[in-house]
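Using my numbering, the first residue of the sequence shown is number 9, and each one after it goes up by one. The beta-carbon is built from N, C-alpha and C at its ideal position, and this holds for glycine as well. All figures in this text were calculated on a predicted structure; none of them were measured in a lab. The structure under discussion appears below in the form of structure tokens.
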Amino acid sequence: MLYYIFRFLEQYDIPGAHIWSYISFRSLLALILSLIISAWFGEYFIKWMKRRNISETARDASIDPFGVEKKGVPTMGGIIIIVSILVPVLLLGRMRNTYLLLMIVTTVWLGFLGFMDDYIKIFKKNKEGLKGIYKIIGQVSIGFIVGLTLWLSPDAVVRENTSVPQQNKEVVVKHKPQAVKSLQTTIPFIKNHNLNYSDVMAFCGKYKVAAGWVLFVLMTIIVVTAVSNGANLNDGMDGMCAGNSAIIGIALMVFAYVSSHIVYAAYFDIMYIPHSEELVVFLSAFIGAMIGFLWYNAYPAQVFMGDTGSLTIGGIIGVCALIIHKELMLIILCGIFFIESLSVIIQTQWFKIQKRKGKRVRVFRATPIHDTFRRLDSQLDATSTYILKGWPHRPFHESKITIRFWIVSIILAALTIITLKVR
Numbered sequence: 009m010l011y012y013i014f015r016f017l018e019q020y021d022i023p024g025a026h027i028w029s030y031i032s033f034r035s036l037l038a039l040i041l042s043l044i045i046s047a048w049f050g051e052y053f054i055k056w057m058k059r060r061n062i063s064e065t066a067r068d069a070s071i072d073p074f075g076v077e078k079k080g081v082p083t084m085g086g087i088i089i090i091v092s093i094l095v096p097v098l099l100l101g102r103m104r105n106t107y108l109l110l111m112i113v114t115t116v117w118l119g120f121l122g123f124m125d126d127y128i129k130i131f132k133k134n135k136e137g138l139k140g141i142y143k144i145i146g147q148v149s150i151g152f153i154v155g156l157t158l159w160l161s162p163d164a165v166v167r168e169n170t171s172v173p174q175q176n177k178e179v180v181v182k183h184k185p186q187a188v189k190s191l192q193t194t195i196p197f198i199k200n201h202n203l204n205y206s207d208v209m210a211f212c213g214k215y216k217v218a219a220g221w222v223l224f225v226l227m228t229i230i231v232v233t234a235v236s237n238g239a240n241l242n243d244g245m246d247g248m249c250a251g252n253s254a255i256i257g258i259a260l261m262v263f264a265y266v267s268s269h270i271v272y273a274a275y276f277d278i279m280y281i282p283h284s285e286e287l288v289v290f291l292s293a294f295i296g297a298m299i300g301f302l303w304y305n306a307y308p309a310q311v312f313m314g315d316t317g318s319l320t321i322g323g324i325i326g327v328c329a330l331i332i333h334k335e336l337m338l339i340i341l342c343g344i345f346f347i348e349s350l351s352v353i354i355q356t357q358w359f360k361i362q363k364r365k366g367k368r369v370r371v372f373r374a375t376p377i378h379d380t381f382r383r384l385d386s387q388l389d390a391t392s393t394y395i396l397k398g399w400p401h402r403p404f405h406e407s408k409i410t411i412r413f414w415i416v417s418i419i420l421a422a423l424t425i426i427t428l429k430v431r
């Protein structure tokens with residue numbers, strides 16, 4: 009909104025109006041504004057929730073040995089995150105931008121899905137929350153909408169990068185003159201690093217392009233669902249998910265910025281994506297909201313984000329990566345989310361296999377994997393056998409676990425950014 013107002017005033021030579029055309033100015037303003045909103049609105053939100061006794065149900069001491077300290081802590085803090093993202097974006101973003109609209113729709117859609125889950129847990133006193141099938145339907149639906157939009161929208165185009173050999177044996181990266189619909193995505197650490205989904209579907213013959221787009225839509229659904237669930241599983245300790253997500257957001261902002269700048273895109277030999285600079289504004293607000301939320305969510309937490317926040321965060325990360333054609337890099341960048349999800353899958357599937365044999369065997373002391381590091385020996389199930397019972401050798405306080413997970417996320421984010429040059 010403010011963007012259009014000042015762009016209009018620029019026609020009348022109003023001093024300072026031109027700076028609103030700079031993406032750096034609007035991005036930094038969005039970061040500052042989201043921080044202020046999360047700090048200010050967060051305080052009032054927490055007080056309002058406490059007055060109405062809307063809080064997290066008591067945690068199982070066998071899962072969380074520090075849960076007694078957190079009794080009565082308000083939840084649904086994801087509302088703080090969503091408001092802190094949307095207000096700066098609506099004020100500072102270009103609302104005619106297809107990519108920005110997709111990010112807003114994703115935020116609202118998954119925010120509502122998570123809110124319904126939290127609502128059922130708190131007000132209906134049902135710890136299971138929203139049925140898993142409804143969650144999956146909601147996640148698949150937004151993935152389908154995003155994938156279909158990127159397929160059919162005339163604005164979702166790229167200028168593909170190509171290497172041009174020179175007479176002096178140097179290779180210059182140039183972008184094709186016309187922006188086209190593209191099924192290419194970047195593969196990390198590979199020299200000729202673009203994978204075309206239509207090439208994967210080459211066995212479909214003359215229909216390989218259409219089949220490639222179908223594969224892309226399916227990939228979009230998988231990415232959105234997987235990252236959203238991964239973030240949800242990671243939200244189990246004070247500050248854990250918010251801190252990891254802020255780090256991931258910074259890396260994605262770097263990718264979005266270089267992808268939207270034709271000179272930097274050529275320098276790093278990646279696709280140039282016109283109009284994707286609005287993602288930088290959105291991600292700046294996202295990072296500010298994450299950091300601002302940590303003001304209240306860091307140990308000991310004054311508010312929990314709940315599924316309202318975690319499902320939304322994962323969806324934002326997944327959709328943003330898809331828009332800039334970097335979804336395969338999420339395996340590295342969201343390594344923490346991936347390991348959390350993988351640990352749960354291994355634990356549940358191995359237990360089911362062994363149970364059919366009449367045994368109760370678990371791999372980890374607890375899952376998601378971060379719970380393994382705080383589980384006490386006295387809290388283990390005496391009727392079960394643990395393959396990794398001796399690991400770790402002693403439990404850690406959750407604040408130490410959280411910070412160490414942040415450090416791992418920083419390393420993974422740095423490795424992901426390095427893929428711009430190391431191939």
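Asp126 is the residue among Asp126, Gly146, Lys184 and Ile145 whose C-alpha sits nearest the C-alpha of Gly137.
Of the residues assessed, Tyr20 falls on the exposed side of the cut-off, its CB having fewer than 16 other CB atoms within 10 angstroms. The alpha-carbon of Pro185 is positioned some 52 Å away from that of Ala309.
Nearest to Arg370 by alpha-carbon distance, out of Phe346, Trp399, Phe345 and Gly343, is Trp399.
Under the criterion of beta carbons closer than 8 Å, Val97 and Phe290 qualify as touching, at roughly 5 Å. In this structure, the straight-line span from the alpha carbon of Lys133 to that of Ile325 is close to 31 Å. Excluding the 5 residues flanking it on each side, Leu10 has same chain C-beta neighbours closer than 8 Å at Trp28, Leu99 and Leu100, in chain order. DSSP places Asn240 in the uninterrupted alpha helix (DSSP H) bounded by Lys216 to Asn242. Assignment of Arg167 by DSSP, reduced to helix, strand and coil, places it in the strand class. DSSP, read as helix, strand or coil, puts Pro96 in helix. Between Ile145 and Thr320, the CB-CB gap reaches or exceeds 9 Å. DSSP, reduced to helix, strand and coil, places Leu203 within a strand of the structure shown. The beta carbon of Tyr272 is closer than 7 Å to those of Val266 in its chain, skipping five residues each way along the sequence.
Nearest neighbour of Pro23 by Cα position, chosen from Ile31, Tyr30 and Phe14, turns out to be Phe14. For Ser63, the three-state secondary structure derived from DSSP is strand. Non-local beta-carbon contacts of Ser407 in its own chain, meaning distances under 6 Å to residues more than five positions away in sequence, involve Tyr307 in chain order. Residue pairing by DSSP places Val188 opposite Val166 in a beta bridge.
DSSP places Gln19 outside any alpha helix (DSSP H), giving it a letter other than H or E. DSSP places Lys182 within a strand segment (E or B) once states are collapsed to three. Listed in chain order, the non-local C-beta contacts of Gln355 below 7 Å within the same chain comprise Arg370, Val371, Phe372 and Thr375, local neighbours out to five positions each way being set aside.
For Met111, the enclosing alpha helix (DSSP H) starts and ends at Thr106 to Phe131.
Selection Leu94, Thr393 and Leu191 evaluated against Gly220 yields Leu191 as nearest (Cα-Cα).
By the CB criterion at 9 Å, Ile331 and Leu287 fall inside the cutoff. Beta-bridge pairing by DSSP links Val369 to Thr393.
Take Ser253, set aside five residues on each side of it, and the residues of its chain with a beta-carbon closer than 6 Å to its own are Met298 and Ile321, in chain order.
Residue environment analysis places Pro162 among the exposed positions, since fewer than 16 neighbouring C-beta atoms fall within 10 angstroms of its C-beta. Inclusion of Pro82 and Val166 in the CB contact set at 9 Å is not warranted, their separation being larger than that value. Between Glu348 and Leu241 the beta-carbon gap is near 4 Å, inside 8 Å, which marks them as a contact. Using a Cβ-Cβ distance cut-off of 8 Å, the stretch 149-157 and the stretch 351-366 are not in contact, since fewer than three pairs of beta carbons, one from each stretch, lie closer than that value.
Residue nearest to Met84 within the set Met124, Cys328, Thr115 and Gln387 is Met124 (criterion: CA-CA distance).
Inclusion of Ser284 and Met261 in the CB contact set at 9 Å is not warranted, their separation being larger than that value. If you draw a straight line from the Cα of Leu396 to the Cα of Leu384, it is about 13 Å long. In the structure shown, the three-state DSSP call for Tyr280 is strand. Apart from the 5 residues on each side of it in sequence, Val95 sits with its Cβ closer than 6 Å to the Cβ of Ile45 in its chain, given in chain order.
Inclusion of Ile93 and Ser42 in the CB contact set at 9 Å is warranted, their separation being smaller than that value. Scanning Ile409, Ile195 and Thr115 for the CA closest to the CA of Ile426 turns up Ile195.
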